[in-house]
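One structure below.
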Amino acid sequence: MIITLEGTTSAKISAELLRARRSAGSPAQGMVLTLIIVCDESEYSSAIKASMEAGREHPSRILLCVTASGRNASLDADVHIGEGTPGEVVVIRMRGAVAAHPASVIRPLLLPDSPVVIWWPGKAPQKQATDELAQLAMRRLTDASSSVRPLAALKARAADYTPGDTDLSWTRLTPWRALLAAALDQYPAKIKSVVIESQRRNPSADLLAAWLHSRLKVDAIRKISDGPGLTAVRMTTASGDIALTRPDGLLASYAVPGQPERLVALKRRDFTELLSEELRRMDEDVVYERTVKSLLDGDEPAPKKSRAKKASGKKVDSTPKAAKQTAGSR
Amino acid sequence: MITVMRPNPLRDPQDRRLPRIAGPCVLVIFGVTGDLSTKKLMPAVYDLANRGLLPPGFALVGFARREWAHQDFAEVVHTAVKEHARTPFREEVWQQLSEGIRFVPGQIGSEEAFSHLSETIADLDEARGTGGNHAFYLSIPPGLFPTVVDQLRSHGLAAELPGRWSRVVIEKPFGHNLESARELNRIVSSVFPASSVFRIDHYLGKETVQNMMALRFANQLFEPVWNNNYVDHVQITMAEDIGIGGRAGYFDGIGIARDVIQNHLLQLLALTAMEEPNSFEASQLRVEKQKVLAAARPPARMDLHTARGAYAGGWAGGERVKGYLEEERIPRDSRTETYAAIRIDIENRRWAGVPFYLRTGKRLARRVTEIALGFKRAPHLPFSETDTEELGYNAIVLRIQPDEGVTLRFGAKVPGTQMEIREVNMDFAYGGSFTESSPEAYERLILDVLLGDPPLFPQHEEVELSWEILDPILDYWASLAEQPEPYEPGSWGPKGADIMLARDGFSWRRP
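Heads up: the sequence lines are chains A and B, in that order. Counting from 244, one number per residue, gives the positions in the first sequence under this note's numbering. Counting from 90, one number per residue, gives the positions in the second sequence under this note's numbering.
Right under this line is the structure:
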């Protein structure tokens, strides 16, 4: 059921939500959180799909704030109930002066007591401290990969870090990190160097390099490949490489020295899965914090250099400096 | 292989995103053509792989009396997974799994078949890098355990070598009385150490059962009233709406008390009544469960505080159904019960004087499992008697299945001018607040076996303690000359069970 309200107010939207739930016969819903999604018209359809599917795992009140064009102050809303999600979805379009005060619209619509999560599928505010909506949330999800300059976007996030922040480029790494950690569980050898291959401008690869660097205390060399996304991680040990390679974005091969090469499913995950993973935890992710902040340290030259290198158009090539370091450590 | 153990630099206790992935291993399923295997085990293995929780080096070996090649078995697994898996079918996950699927045809008693099995496993250790880690799932009748366990030993498959593990998984029933449970344990433990024996009680893998511990010990609200100061009795119910179906051969002579009370209901009782464990480590949890089971007593007067029944023929849920004694292959003079209700008293400070009533039955009104704590009446009611006529008990009901959740029952004022009180429910529905597709019990349990994580598996002490509670009741029933009391199918059990509670001043809740 979709109810369209034009030229409305927060109170009217609230009343409509209550009425719609009553008429659906279940006034008490077990919604666990409010999810605010801030996007524009072009991101709207994929964002609503992902959030409604994630809502299956985490029944929530989903508030989609769409900034619409138009100079006159106006507020329109679509209330979706019983549309294949256990929670509620409200699409809110704000125009003109109303759009400048979004918190005034959203605040009355938050569920009592339960956590508030905000997700910017596209452009995120530069300074969260001055963003009205960011201030309402205890968890803030951004996505550096949607930016034209992902590394710069990640660094901006790092400089502006507040507990509760996560970037989806970090979420995308979870299966990779899990497999790499499991490889070292099985084969606890000293790692001498690390090579990460990915598409250009891949913020996940930047974070993975930073994470491996901080955990293994070796340089993580970046190489550019055709993608999609991350394509390989090689960790060199005295007796050979521990390698996880995924050329097709679907099925990876997994090699450990002295053992046969094996296949492992490692699909690139869609927004639904990423969002579901994020909504599982409401506390801060300190490992992400350390990792993203280390991008600012300047002791992490690899990502920057390889970025400069790729401008020359060469593929699968490491930076001269990083290569020298690897040679030195052998 | 490297033998020096060093901490894994990529692991960090603060990094809670990283799931635990089982190490490379071989899972061997005996009795792989059975229903349990196709409907639960194989789909659970696929779902685990799909969730990224199985290692790249994982192999599944089927053992059964069929002339199948590896591909035929892979086809069987493929069909089972497509039909019964919880998560969507994905080709790349199937590719990962299918590489490691093998089949060994043969009889349980055949030397040749076990040599073949042992070769197959050795090949897999090479080809898949499974490193000598093996789990044997015995999805076969317990009568065959001694043979299989013996075969595993004589072919060197049960040997625990350093850096490798070998585990055995067994399903209920864990014997049919104390003596046979001990015998079974003797057979299995002669080959596998206690820590390598995993007894699967799929109830304990259910999210809702694990949630009982979260409800009790993660909240301040419930624990203060979780004792005999406030609770006046507890009812634990596990009802089925179906009859015995095709299980006549297994069921007759065993009865529902052995089938359900010994394991599921007494485990639920232990989790409801136990003290708070020091931690959720397996050993700590086990200590608390054993303590409370050791304090649990069967009724002193069996004639007053036990009841049994067998369903009669008639109409249930709009269908005409046969009575138990009319079912195929059931002797007309069978004295096997299909309904059992017993009273258990727990002799400790927390529960002294609070009876626990356990009931289970087939062909009852609906399928439901729940634990209901009934509270004492308020000591004083400042209302006139007529106002509170309808006022019953407050209750906390933990709904285990279906419609998983928690219900709180209390009195509320009926709108209007008069002070009238009506019982209302405050409901928490698990499905409403969490995932629609929470992992199946078998997924959790199989993963725990592969990780070697034992908290959810009862050990033989617990099994023996529960037989000690049940054996006197079974002996008493066996001594009775008459057949169990017939009850109408689709009802809530025999009259005798109602009388049994009425004697103590209670009545059964309608679940």
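We treat Cβ as the ideally placed atom computed from N, Cα and C, and that holds for glycine.
Query                                                                                                                    : Result
Distance between beta carbons of P388(B) and R432(B), contact taken as under 8 Å                                         : 5 Å
Where the region 418 to 436 of chain A meets chain B: residues whose CB sits under 9 Å from a CB there                   : P418, R420, A421, L422, L423, A424, A425, A426, L427, D428, Q429, Y430, P431, A432, K433 and I434
Helix, strand or coil at A263(A) according to DSSP, with G and I counted as helix                                        : helix
Within 8 Å, strictly: CB atoms of R603(B) and P444(B)                                                                    : What is shown of chain B runs 90 to 600, which leaves residue 603(B) out entirely.
Nearest-angstrom Cα separation, counted from G501(A) out to I558(B)                                                      : 53 Å
Beta-carbon gap between L352(A) and S257(A) smaller than 8 Å                                                             : yes
Stretch pair the region 504 to 516 of chain B + the region 105 to 114 of chain B: three plus CB contacts closer than 8 Å : no
Beta-carbon proximity list for K584(B), same chain, < 8 Å, skipping 5 on both sides                                      : E574 and Y576
Rounded Cβ spacing between L394(A) and R350(A) (contact assumed at less than 8 Å)                                        : L394(A) to R350(A), Cβ: 34 Å. No contact.
Buried versus exposed call for T247(A) [16 or more other C-beta atoms within 10 Å across all chains shown]               : exposed
For S537(A) and S457(A), believed in contact at Cβ under 8 Å, the rounded distance                                       : 6 Å
Closer than 8 Å to chain A by CB, D101(B)                                                                                : yes
Buried versus exposed call for Y339(B) [16 or more other C-beta atoms within 10 Å across all chains shown]               : exposed
D356(A), buried or exposed, once every other Cβ within 10 Å from all chains shown has been counted against 16            : exposed
Cα-Cα separation, M381(A) to A426(A)                                                                                     : 34 Å
Residues of the region 453 to 472 of chain A with Cβ closer than 9 Å to any Cβ of chain B, in chain order                : W454, L455, R458, L459 and K460
Option nearest E300(A) by Cα separation, candidates I434(A), L517(A) and M244(A)                                         : L517(A)
Where E436(B) falls: helix, strand or coil (DSSP)                                                                        : coil
Partner residues on chain B for I510(A), Cβ-Cβ distance less than 9 Å                                                    : One detail in the question is off: residue 510(A) reads as Lys in this sequence, not Ile. Those within 9 Å of K510(A) in chain B are R179, E181 and V182.
Helix, strand or coil at P393(A) [DSSP, three-state]                                                                     : helix
Opening and closing residue of the alpha helix (DSSP H) in which A424(A) lies                                            : T417 to Q429
Straight-line Cα distance separating T405(A) from T251(A)                                                                : 34 Å
Per-residue DSSP class, three states only, for H223(B)                                                                   : strand
Strand pairing of F234(B), partner residues [DSSP]                                                                       : DSSP lists no partner for F234(B).
Cβ shell of V286(B) (< 6 Å), same chain only, five flanking positions each side left out                                 : V257 and V277
Residue-level contact to chain B via CB, D542(A), 8 Å cutoff                                                             : Note that D542(A) scores a pLDDT of 46, beneath 50, so its modelled location is shaky and nothing firm can be said.
Sequence-distant residues of the same chain with beta carbon closer than 6 Å to V552(B), five excluded per side          : F263 and A270
A430(B) beta carbon less than 8 Å from that of L462(B)                                                                   : no
Nearest-angstrom Cβ-Cβ length linking A328(B) and R455(B), presumed shorter than 8 Å                                     : 7 Å
Through-space distance from W404(B) to M525(A), alpha-carbon basis                                                       : 51 Å
C-beta neighbour in chain B for P503(A), strict 8 Å                                                                      : yes
8 Å Cβ cutoff, G483(A) in contact with chain B                                                                           : no
Near-chain A residues of the region 357 to 386 of chain B (beta-carbon distance less than 9 Å), N- to C-terminal order   : none
Spatial neighbours of M244(A) in its chain, beta-carbon cut-off 6 Å, leaving aside the 5 residues before and after       : I324 and G325
Local Cβ density within 10 Å of Y319(B), reported as buried at 16 or more and exposed below that                         : exposed
Alpha carbon of S312(A) to alpha carbon of S347(A), nearest angstrom                                                     : 19 Å
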